[in-house]
Amino acid sequence: MIEFDFVELNKYKILEEKNYTKDERDFYISKEDKRVFSFGRIGNESIAWLEQEVNEPNTSGEWQFFCNVYPSEGLRTDIISPYL
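Quick note: this note's numbering has the sequence shown finishing at residue 82, numbered continuously throughout.
Dropping the structure here:
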């Protein structure tokens, strides 16, 4: 259990070092990168995957969502509205 917690803390540290904000609804959000990561998806993926995704430039200019279940349009709008 301790090893798992250490891995999860490292994942959150990666996001925080890239200026992602921890949202009260269990998301990490970057207004600058226009990306949203759910805690569930962060927990399911490896550190290598997370590092690759946060270092990959968002060339689309659109918000990108990394969640286990892709949120509906209404939920996506609700999640990002404080960051617009």
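Beta carbons are placed, not taken as given, at the ideal position from N, Cα and C, and that holds for glycine.
Q) What separation, rounded to the nearest whole angstrom, lies between the Cα atoms of Leu82 and Lys29? A) In the sequence shown, the residue the question calls residue 82 occupies position 84. In the sequence shown, the residue the question calls residue 29 occupies position 31. So the alpha carbons of these two residues sit roughly 7 Å apart.
Q. Cα separation between Arg23 and Val67?
A. Numbered from its first residue, the sequence shown carries residue 23 at position 25. Numbered from its first residue, the sequence shown carries residue 67 at position 69. Roughly 15 Å between the two C-alpha positions.
Q | Enclosing alpha helix (DSSP H) for Asp76 [first to last residue] | A | Numbered from 1 along the sequence shown, position 78 holds the residue referred to as residue 76. Where Asp76 is concerned, the enclosing alpha helix (DSSP H) stretches over Glu71 to Ile78.
Q. By DSSP, does Phe2 sit in helix, in strand, or in coil?
A. Against the sequence shown, residue 2 aligns to sequence position 4. For Phe2, the predicted structure reports a pLDDT of 49, less than 50, and the residue's modelled location is therefore unreliable. A value from the coordinates is still provided. Under the three-state reduction of DSSP output, Phe2 falls in the helix class.
Q) Going by alpha carbons, who is nearest to Gly59 out of Lys32, Tyr18 and Ile27? A) As a first step, residue 59 must be located in the sequence shown, where it is residue number 61. Minimum Cα distance to Gly59 is reached at Lys32.
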